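According to this note's numbering, the sequence shown is numbered sequentially starting from 163.
Idealized CB from N, CA, C, for every residue including glycine.
This one's a predicted model, so the numbers in the text were calculated from it and none came from an experiment.
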Amino acid sequence: MEHIGNEAKVEMRQRIEELRLEHRDLDDAIHRMTEDPSADHLRMTRMKKRKLMLKDMISRLESRLIPDIDA
Numbered sequence: 163m164e165h166i167g168n169e170a171k172v173e174m175r176q177r178i179e180e181l182r183l184e185h186r187d188l189d190d191a192i193h194r195m196t197e198d199p200s201a202d203h204l205r206m207t208r209m210k211k212r213k214l215m216l217k218d219m220i221s222r223l224e225s226r227l228i229p230d231i232d233a
């Protein structure tokens, strides 16, 4: 079982917020690109992959903040 100190938890929460902001910004940019027929589809695909990676990173960090429950 991993014990995370308060300072580390604060840093993790800050990192989660940074990742969420980047995720939201990418979502907005992708949405705008889908409305533009001349948009660079390769770039949009890369942005979508980055967005998925960010979502995974957020999920991993959030799961580390949840304490293990002994059964």
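State buried or exposed for L214, treating a residue as buried only when at least 16 other CB atoms are found within 10 Å of its CB.
-> exposed
What's the gap between the Cα of M209 and the Cα of L227?
-> Roughly 27 angstroms between the two C-alpha positions.
Cβ of L188 within 8 angstroms of Cβ of R212?
-> yes
DSSP three-state assignment for H165, whether helix, strand or coil = coil
Spatial neighbours of L223 within its chain, please: CB distance less than 7 angstroms, with the 5 preceding and 5 following residues excluded, ordered by chain position.
-> M174, R177, I178
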